[in-house]
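Here is the structure we will look at.
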Amino acid sequence: MADIRVTHEAQVTVISFPAVFQRLRETEVEQIASTFLAAMQGAQPRKVLIDLEGVEFFGSSFIELLVRGWKRIKEDQQGVFALCSVSPYCVEVLQVTHIDEVWPRYSTKQEALLAMAS
1 MADIRVTHEA QVTVISFPAV FQRLRETEVE QIASTFLAAM QGAQPRKVLI DLEGVEFFGS
61 SFIELLVRGW KRIKEDQQGV FALCSVSPYC VEVLQVTHID EVWPRYSTKQ EALLAMAS
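All residue numbers for the sequence shown refer to UniProt numbering, where the first residue is 1 and numbers rise by one.
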């Protein structure tokens, strides 16, 4: 069973998705939820980057998971939560739900890490 990747770069917890998660439907979201939320809870410092490179589709269940994770990070006033490498379709989904106004979004992981380091 595949799972998400959790790495630490420049004092940022980076959550990324292997190729098997090109489409994050409800079944896949259920599969990754516990690891995803545990990574949020354990992030020290409270800086988390969701790297969506390779993810071409997600729906409302993934947005709900993002919100649940973000709430864990925002408990800390220093907490930072951001997205990067979001596909055009997924950007549309975020815009339709107006959630794109809540979190910073970066074109690349490097751009995000530089911004989050400051």
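The C-beta atom is built at its ideal place from N, Cα and C for all residues, glycine as well.
No experiment lies behind these values; they were computed from the predicted model shown.
With contacts defined as CB atoms closer than 8 angstroms, Ile-73 and Met-40 qualify as a contacting pair. For Phe-36, the enclosing alpha helix (DSSP H) has its first and last residue at 26-42.
Under the 10 Å beta carbon count, Ser-107 is surrounded by fewer than 16 other beta carbons and is classified as exposed. The shortest C-alpha to C-alpha distance from Gly-69 to any of Gly-54, Cys-84, Ser-87 and Leu-49 is the one to Leu-49. Arg-23 is bridged by DSSP to Phe-57.
When the Cα atoms are used, Gln-78 and Ser-60 turn out to be separated by approximately 27 angstroms.
In the DSSP assignment, Leu-83 falls outside any alpha helix (DSSP H) and lies within the beta strand (DSSP E) extending over 80-84.
Leaving aside the five residues that flank Cys-84 on each side, the residues in its chain whose CB is nearer than 8 angstroms to its CB run, in chain order, Leu-49, Ile-50, Asp-51, Leu-52, Glu-53, Arg-105, Tyr-106, Ser-107, Thr-108, Lys-109, Glu-111 and Ala-112.
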